[in-house]
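Take the sequence shown: its letters are residues 1 to 329, numbered as in my numbering. Using N, Cα and C, we set each Cβ at its ideal position, and we do this for glycine too.
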Amino acid sequence: MANAPVTVTITGAAGNIGYSLLFRIAEGTVFGPDTPVNLRLLEIPPAMNAAKGVAMELADSAFDTLYDVDIFDDANKAFEGANLALLVGAMPRKKGMERADLMEANGGIFGPQGKAINDNAADDVKIVVVGNPANTNALIAANAAPDIPNERFTAMMRLDHTRAISQLAAKVGARNEDIRKMVVWGNHSADQYPDVSYATVGGKPAASLVDESWLSDEFRPRVAKRGAEIIEVRGASSAASAASGAIAQSRDWVQGTPEGDFTTIGLYSDGSHYGVPEGIVFGFPGVAKNGAWEVVDGLKVSAATRAGIDANVKALLEEREIITSLGLL
Ligand code: NAX
């Protein structure tokens with residue numbers, strides 16, 4: 001094969017999202033048809049057998065682009081040489097669990113994994129955090145990895161972004177490909193602010209095609225609560241669409257975002273964009289160029305967008321306070 005192999009580590013590999021994600025990465029969707037992939041799967045001991053079964057299915061698929069699959073229950077080994085790390089495995093919210101309990105449980109996962117990435121991954125490692133609460137888990141992992149630039153720890157906001165595109169396309173009778181410049185500001189939670197202010201549909205401003213009442217009463221709440229809607233209808237949480245989001249975010253990071261468009265990226269804020277303070281991981285409009293994300297600056301922020309951004313800053317600062325008080329930062 002033309003290129004040297006890349007190493008991809010996936011945590012929670014035996015879970016629902018992992019099951020959709022692995023096969024597409026193995027098939028070359030992120031790195032292209034000329035780059036072989038070595039997969040390193042991280043699971044917890046009770047799920048090792050399930051992970052072995054997935055590895056057997058990967059072998060059975062005989063993908064040209066898949067060289068090796070290894071399974072680990074030790075994060076230091078799993079992240080060895082990783083060029084791309086997809087942090088999917090997380091502690092789900094259980095009945096009676098408060099938000100602080102959830103954060104504490106996940107801090108116990110994402111802190112050590114951040115350190116393991118710091119100590120073992122390749123110098124160019126790119127990290128996509130999918131496991132919830134994704135933005136704050138990314139912050140915890142970044143904080144535990146002092147040798148890796150913070151902006152390499154991204155949170156997956158891509159599913160929110162594609163949910164927003166899909167809702168707008170259905171409303172105006174357009175195709176997904178006609179829609180450009182959508183953004184979902186803030187947190188991957190019900191606080192998020194899906195925003196069509198800059199979006200175009202076949203070159204026309206989206207805001208001229210929909211009215212404000214649809215945006216406030218249907219579009220924004222529906223996008224923000226789409227995960228709950230899927231659970232209600234499907235009886236299980238979003239898995240293949242989440243895998244598609246993780247693939248799209250990774251692929252754009254590696255191959256670049258298309259010219260003339262931007263996407264939503266959950267990026268570590270350095271305090272210089274849109275009044276978002278330093279030190280939280282925030283959904284911004286972004287482009288990927290030469291293997292790095294850049295926030296798209298200079299968009300005109302309306303009063304409504306300002307309020308949406310501010311509400312998300314507040315929510316993420318509250319999450320940061322919780323993890324700080326728990327000693328996780
Ligand atoms: P599953 O419960 O099906 O799978 C999670 C897997 O992670 C399990 O196999 C479990 O054994 C493993 N795991 C748990 N702790 C681990 C650890 N310390 N190291 C390695 N593996 C570990 O969940 P799934 O449906 O795959 O969802 C995974 C995560 O994605 C959840 O936190 C979920 O909330 C989150 N999501 C994030 C989305 C986003 O847009 N950012 C959308 C979809 C999804 O809700």
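At least 3 beta-carbon pairs within less than 8 Å: the region 290-301 vs the region 164-171: no
Opposing strand residues paired with residue 180 [DSSP bridges]: 200
Short Cβ contact (8 Å threshold) for residue 88 with residue 12: yes
Residue 379: first and last residue of the uninterrupted alpha helix (DSSP H) it sits in: Past the edges of the chain, shown from 1 to 329, lies residue 379, and the structure says nothing about it.
Status (buried if at least 16 other CB within 10 Å, exposed otherwise) for residue 167: buried
Residue from 200, 255, 223 with nearest C-alpha to residue 191: 223
Residue 43 beta carbon near the ligand NAX (any heavy atom closer than 7 Å): yes
Cβ-based neighbour list, residue 153, same chain, cut-off 8 Å, excluding 5 preceding and 5 following: 114, 127, 129, 138, 139, 141, 142, 145, 268, 281
Cβ neighbours of residue 54 in the same chain (closer than 8 Å, five flanking residues each side left out): 13, 14, 18, 19, 22, 41
Residue 11 Cβ short of 7 Å to the ligand NAX heavy atom set: yes
Length-filtered (3 minimum) beta strand (DSSP E) runs lying within the region 4-78: 6-11, 37-42, 66-72
Residue environment, residue 248, which counts as buried when at least 16 other CB atoms sit within 10 Å: buried
Residue 136 and residue 323 closer than 8 Å at C-beta: yes
Start and end residues, alpha helix (DSSP H) containing residue 278: Looking at the DSSP string, residue 278 is not in any alpha helix (DSSP H), and its letter there is neither H nor E.
Exposed unless 16 or more other CB atoms sit within 10 angstroms - verdict on residue 233: exposed
Heavy atom of the ligand NAX within 7 Å of residue 109 beta-carbon: yes
Candidates 30, 24, 5, 65, of which the one nearest residue 291 by Cα: 30
Within 8 Å, strictly: CB atoms of residue 180 and residue 261: yes
Top-ranked residue by Cα proximity to residue 159, from 243, 271, 79, 321: 243
Beta-carbon proximity of residue 189 to residue 133, cut-off 8 Å: yes
Coil, strand or helix - residue 308 by DSSP: helix
Beta-carbon contacts of residue 251 that lie in its chain and below 6 Å, excluding the five residues immediately before and after: 30
Rounded straight-line distance, which links the Cα of residue 110 to that of residue 147: 16 Å
Whole-angstrom C-beta distance between residue 71 and residue 51, which should lie under 8 Å: 5 Å
CB-CB length for residue 155 against residue 266, believed under 8 Å: 3 Å
Other residues of its chain near residue 229: CB distance less than 8 Å, five sequence neighbours each side excluded: 222
7 Å CB neighbourhood of residue 93 in its chain, flanking five on each side removed: 102
Inside the region 74-112 only - beta strand (DSSP E) runs reaching at least 3 residues: 84-87
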